[in-house]
Amino acid sequence: MEKDLAEVQAHVERLARDQPFELVEDFINALSIGDRPKAALWLLAWSYASRADQRRIAYEALASTGPVRR
């Protein structure tokens, strides 16, 4: 699995350099691996996004969750 994960990691890094974050996220979500490796790959991809993109994505994710119920 380590070699396979290393190959997937390299692919995620290539995608993250020149593809929209949503494409990278879709690729990661489609993988047949555990949640922990997916989360780590997602964080790696996230690190390639600009601060402005990170903030935009965070706001979009929050908005998609709907209103907060107390």
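Take 39 as the starting number for the sequence shown in this note's numbering and just add one per residue. Where is the CB? At the ideal position from N, CA and C, for every residue including glycine. The structure displayed is predicted, hence computed values, not measured ones.
According to DSSP, is residue i part of a helix, a strand, or is it coil?
i, result
"V46", "helix"
"V62", "helix"
"R107", "coil"
Give me, in chain order, the residues of the same chain whose beta-carbon lies closer than 6 Å to that of residue i; leave out the 5 immediate sequence neighbours on both sides.
i, result
"A54", "V62, A83, Y86"
Among the options, which one has its Cα closest to the Cα of residue i?
i, options, result
"W80", "E45, L100, D64, A101", "D64"
"L119", "L100, E60, F59, L69", "Not covered by the structure: residue 119. The range shown for the chain is 39 to 108."
"F59", "S88, S102, R108, A101", "S88"
"Q57", "P75, A77, D91", "D91"
For residue i, count neighbouring Cβ atoms within 10 angstroms of its own Cβ and tell me buried if that reaches 16, exposed if not.
i, result
"V106", "exposed"
Open item on the list: Quick check on the DSSP output: what are the complete alpha helix (DSSP H) runs of length 4 or more inside the segment 70 to 98, in order along the chain?
Closed with: 73 to 86
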